[in-house]
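Enquirer: Dumping the structure here so I can ask a few things about it.
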Amino acid sequence: MDRGTRDWFDALLEEVIETLPDMVRNAMKEVALYVEDHPSRKVMEELNISDPRDLWGLFTGVPLHEKESHWLGGPPRLPDRVTIYREGLLWSAATPDGTIDPEKLKEQIRKTILHEYGHYFGMTEEELERLGYG
């Protein structure tokens, strides 16, 4: 991916972050948001994904409601994180002529961030789907 596309995506991402609910923006202070071009081969293998464009985001960690019991006597673990993937999100906003619809891209970035932080808050796929973040 070229630098111009990354910069454009990241500028749209900043616009989206400004519109997120306070609860999510506050969670971002505890659970970092990472932006990568695409998932690693290891992540794809772990999730049984063959096309990197099929993964738009990923929460890695322990949901908030499980933290206390998880820490009692458990082994050390890496910090929680949310990762979103530019290539999959760009692909999700592609028009039939191959251009990217910026409004559709911003909406998909928003939905993906809300979906992944929803997992941090302990929501299931079914709950997120019912809220329109599936």
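Numbering (the working numbering) for the sequence shown: 1451 to 1584.
Every residue gets a Cβ at the ideal spot worked out from N, C-alpha and C, and that includes glycine.
None of these values were measured; they are calculated from a predicted model.
Which residues in the same chain have their Cβ closer than 6 Å to the Cβ of residue 1474, if we skip the five residues on either side of it in sequence?
Expert: Only 1567 meet the Cβ criterion.
Enquirer: Starting from the N-terminal side, write out each stretch of the beta strand (DSSP E) that is 3 residues or longer and does not extend beyond the segment 1496 to 1520.
Expert: Those beta strand (DSSP E) runs which fall completely within the segment 1496 to 1520 and span 3+ residues are 1507 to 1510.
Enquirer: So, do the segment 1547 to 1554 and the segment 1468 to 1483 have three or more beta carbon pairs nearer to each other than 8 Å?
Expert: Contact between the segment 1547 to 1554 and the segment 1468 to 1483 is absent, because fewer than three Cβ pairs lie under 8 Å.
Enquirer: Within 8 Å, do at least three Cβ pairs link the segment 1530 to 1544 to the segment 1491 to 1508?
Expert: Yes, they touch.
Enquirer: Report the CB separation of residue 1466 from residue 1560 in whole angstroms; it is logged as a contact under 8 Å.
Expert: Yes, they are in contact, since the Cβ atoms of residue 1466 and residue 1560 sit about 5 Å apart, within 8 Å.
Enquirer: Whole angstroms is fine: what's the gap from residue 1477's alpha carbon to residue 1512's?
Expert: Approximately 13 Å between the Cα atoms of the pair.
Enquirer: Classify residue 1542 as buried or exposed, calling it buried when 16 or more other Cβ atoms lie within 10 Å of its own Cβ.
Expert: Buried, because 16 or more other Cβ atoms sit within 10 Å of the Cβ of residue 1542.
Enquirer: What does the alpha-carbon distance come out to for the pair residue 1479 and residue 1565?
Expert: Distance between the alpha carbons of residue 1479 and residue 1565: 17 Å.
Enquirer: Answer yes or no: the CB of residue 1545 versus the heavy atoms of the ligand PLP, is any distance below 7 Å?
Expert: The ligand PLP is not among the ligands present in this structure, which contains no ligands whatsoever.
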